[in-house]
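Chemist: Sharing a structure with you now.
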Amino acid sequence: MRNVHLDLIGGFRLLAGGHPVVLTGTGQRLVAYLALGGPAARVVTAGTLWPAVPETRALASLRTTMWRCNRKVDGLVTAEWHGIALAPGVEVDVAGLLGGPSAPPGGPSAPACGELLPGWYDDWVVFERDRLRQRTLLAWEQAAVDLAAQGRFAASLDYALAAVRADPYRESARRAVIAVHLAQHNLAEALREYHHFRDLLVDQLGVEPSEELAALVFRGRVAVTHR
Numbered sequence: 002m003r004n005v006h007l008d009l010i011g012g013f014r015l016l017a018g019g020h021p022v023v024l025t026g027t028g029q030r031l032v033a034y035l036a037l038g039g040p041a042a043r044v045v046t047a048g049t050l051w052p053a054v055p056e057t058r059a060l061a062s063l064r065t066t067m068w069r070c071n072r073k074v075d076g077l078v079t080a081e082w083h084g085i086a087l088a089p090g091v092e093v094d095v096a097g098l099l100g101g102p103s104a105p106p107g108g109p110s111a112p113a114c115g116e117l118l119p120g121w122y123d124d125w126v127v128f129e130r131d132r133l134r135q136r137t138l139l140a141w142e143q144a145a146v147d148l149a150a151q152g153r154f155a156a157s158l159d160y161a162l163a164a165v166r167a168d169p170y171r172e173s174a175r176r177a178v179i180a181v182h183l184a185q186h187n188l189a190e191a192l193r194e195y196h197h198f199r200d201l202l203v204d205q206l207g208v209e210p211s212e213e214l215a216a217l218v219f220r221g222r223v224a225v226t227h228r
């Protein structure tokens with residue numbers, strides 16, 4: 002399917018030929034469910050989207066919703082013997098992010114920073130939202146490591162700090178920041194970041210940073226001292 006684009010970051014938005022397509026609430030949920038999870042059995046989809054009604058009614062609601070979606074965009078939801086799916090060729094904004102941890106092409110200020118389907122609290126949405134968040138943080142941390150290895154320290158620090166802002170308690174994000182500072186021989190900055198993180202953990206959670214992180218700081222101190 003050509004010229005159909007679906008945005009899920011920041012809210013549901015469907016475009017066909019550049020024009021907005023208005024779906025019902027259940028239509029939006031069906032399309033989003035298939036976009037995030039891929040092809041699914043009818044009975045599973047019906048049970049997920051209409052969990053509080055009997056299976057026969059849920060399946061009937063699914064058929065009606067599919068028909069209404071396809072009236073808006075012909076062939077948007079396809080039906081095969083094994084189940085239903087979003088039409089091939091529909092461009093989905095989160096597809097690359099959910100496929101694996103790769104750095105957002107626009108840097109840490111790219112749309113990946115936004116929330117997946119804000120205001121939706123279905124269990125499957127909450128699961129996918131957390132999965133996207135974890136994928137994004139992993140991508141940013143890996144980008145920080147890769148860019149530092151290339152000597153691109155400013156860009157590396159941008160990614161590392163973005164991960165820290167997203168989750169201040171995440172040690173792997175703090176480690177990325179500290180590693181960038183140490184790579185530039187900025188021992189004072191590395192120590193400041195470590196002690197700030199340690200104070201945060203002790204004050205809020207009553208725990209210390211890992212021994213591995215402390216060892217990284219120690220090795221960095223030794224390396225800088227003996228330059």
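If you want the working numbering, it's the position in the sequence shown, counting the first as 1, plus 1.
Virtual Cβ for every residue (Gly too), placed ideally from N, Cα, C.
1. Let me check understanding here. Comparing Cα to Cα, which of Arg72, Gln185, Gly39 and Leu118 lies closest to Val22?
2. Less than 9 Å between the C-beta atoms of Thr27 and Leu50, yes or no?
3. Do Glu209 and Val203 have their C-beta atoms within less than 9 Å of each other?
4. Put Gly84 into one of helix, strand or coil per three-state DSSP.
5. Excluding the five sequence neighbours on either side, which residues of its own chain have a C-beta within less than 7 Å of the C-beta of Leu188, listed in chain order?
6. When the Cα atoms are used, what is the spatial distance from Leu148 to Leu201?
7. Determine the closest residue to Ala36 out of Glu129, Glu81 and Trp121, with distance taken between C-alpha atoms.
8. If I measure Cβ to Cβ from Arg69 and keep anything under 7 Å in the same chain, skipping five residues before and after, which residues do I get?
9. Mind checking if Ile10 is an interface residue toward chain D, Cβ cutoff 9 Å exclusive?
10. Excluding the 5 residues preceding and the 5 following Arg58 in the sequence, name in chain order all residues of the same chain whose CB lies nearer than 8 Å to its CB.
Modeler: In short:
1. The residue given as residue 22 occupies position 21 in the sequence shown. It is Arg72 whose Cα lies nearest to the Cα of Val22.
2. As a working note, residue 27 is residue 26 in the sequence shown. As a working note, residue 50 is residue 49 in the sequence shown. Yes; because the gap between Cβ atoms is below 9 Å, this pair is in contact.
3. Indexing the sequence shown from 1 puts residue 209 at position 208. Indexing the sequence shown from 1 puts residue 203 at position 202. Their beta carbons are under 9 Å apart, which means Glu209 touches Val203 by this criterion.
4. Indexing the sequence shown from 1 puts residue 84 at position 83. Residue state, collapsed to three classes: strand.
5. In the sequence shown, the residue the question calls residue 188 occupies position 187. Cβ neighbours of Leu188 beyond the five flanking positions: Gly221, Arg222 and Val225.
6. Taking the first residue of the sequence shown as position 1, residue 148 is located at position 147. Taking the first residue of the sequence shown as position 1, residue 201 is located at position 200. Rounded to whole angstroms, Leu148 to Leu201 spans 27 Å at the Cα level.
7. Position 35 of the sequence shown, counting from 1, holds the residue named residue 36. Ranking the options by Cα distance to Ala36, first place goes to Glu129.
8. Along the sequence shown, one-based indexing puts residue 69 at 68. For Arg69, where only same-chain residues beyond five positions count, the Cβ hits under 7 Å are Thr25 and Gly28.
9. Checking the listed chains, one finds no chain D in this structure; it contains a single protein chain.
10. Here residue 58 corresponds to residue number 57 of the sequence shown, with the count starting at 1. Contacts found: Trp51.
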